[in-house]
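Here's the structure we're looking at; comments come further down.
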Ligand SMILES: [Zn+2]
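Numbering (the numbering used here), first residue to last: 14 to 108.
What follows is the structure, encoded as C-alpha cells:
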C-alpha cells in the first residue's frame with residue numbers, strides 16, 4: 014500500500030518521501046511500513062539494563078524504576094553506590 018502525498022509535515026518523525034512506482038510513473042510518496050514505528054506504542058524498557066520484557070515497578074528510597082525481576086538487586090545496589098571523597102576511601106587498607 015502506498016500513499017502519494019508530499020509536504021505533510023513528517024520531518025519530526027524522520028519520515029521522508031520515497032519514490033513510489035505506480036505503473037509507469039514514479040511519484041514521491043510513503044509506504045505503510047514507514048509509519049509503523051511512529052504508530053506503534055513505545056516499548057517500555059528496563060531502567061537497569063535497557064531491554065524490553067516483563068517489567069515490574071520498584072522503589073528504593075526516593076528512586077523508582079521499572080525493572081526485570083532479575084535486575085532488581087543490581088539496580089538497588091546501584092542506588093546504594095555512594096560516592097565518597099578519595100581521602101575517606103579506606104578500601105584496600107590493611108585492617
Ligand atoms: Zn533489566
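Where a beta carbon is used, it is the ideal one built from N, C-alpha and C, also for glycine.
> To the nearest angstrom, how far is it from the Cα of residue 27 to the Cα of residue 51?
Replying inline: Numbered from 1 along the chain shown, position 14 holds the residue referred to as residue 27. Numbered from 1 along the chain shown, position 38 holds the residue referred to as residue 51. Their backbone Cα atoms lie some 9 Å apart in a straight line.
>> For the segment 81-94 against the segment 47-64, do three or more pairs of beta-carbon atoms, one drawn from each stretch, fall closer than 8 Å, so that the two count as touching?
In response: yes
>> Let's see if you can read the secondary structure: which residues bound the alpha helix (DSSP H) around residue 75?
In response: Taking the first residue of the chain shown as 1, we reach residue 75 at position 62. Element bounds for residue 75: n/a, residue is neither H nor E.
>> Going by the DSSP bridge assignment, what does residue 71 pair with across the sheet?
In response: As a first step, residue 71 must be located in the chain shown, where it is residue number 58. Per DSSP, 78.
>> Alpha carbons only, please: which of 32, 89 and 100 is nearest the one belonging to residue 44?
In response: Residue 44 sits at position 31 when you count from the first residue of the chain shown. Measuring from the Cα of residue 44, the nearest candidate turns out to be 32.
>> Taking the beta strand (DSSP E) that residue 43 belongs to, which residues open and close that run?
In response: Walking along the chain shown from the start, residue 43 turns up at place 30. From DSSP, the beta strand (DSSP E) with residue 43 extends over 41-44.
> Just the residues with CB closer than 5 Å to a heavy atom of ligand 1, in chain order, which are they?
Replying inline: 59, 61, 62, 81 and 84
> So the alpha helix (DSSP H) residue 56 belongs to, where does it begin and stop?
Replying inline: Residue 56 sits at position 43 when you count from the first residue of the chain shown. Neither: residue 56 is in no alpha helix (DSSP H) and is coded neither H nor E.
>> Assuming the contact rule is C-beta atoms closer than 8 Å, residue 92 and residue 73 should be a hit. Round their C-beta distance to whole Å, please.
In response: Residue 92 sits at position 79 when you count from the first residue of the chain shown. Residue 73 sits at position 60 when you count from the first residue of the chain shown. Their Cβ separation, rounded to whole angstroms, is 5 Å, which keeps residue 92 and residue 73 in contact under 8 Å.
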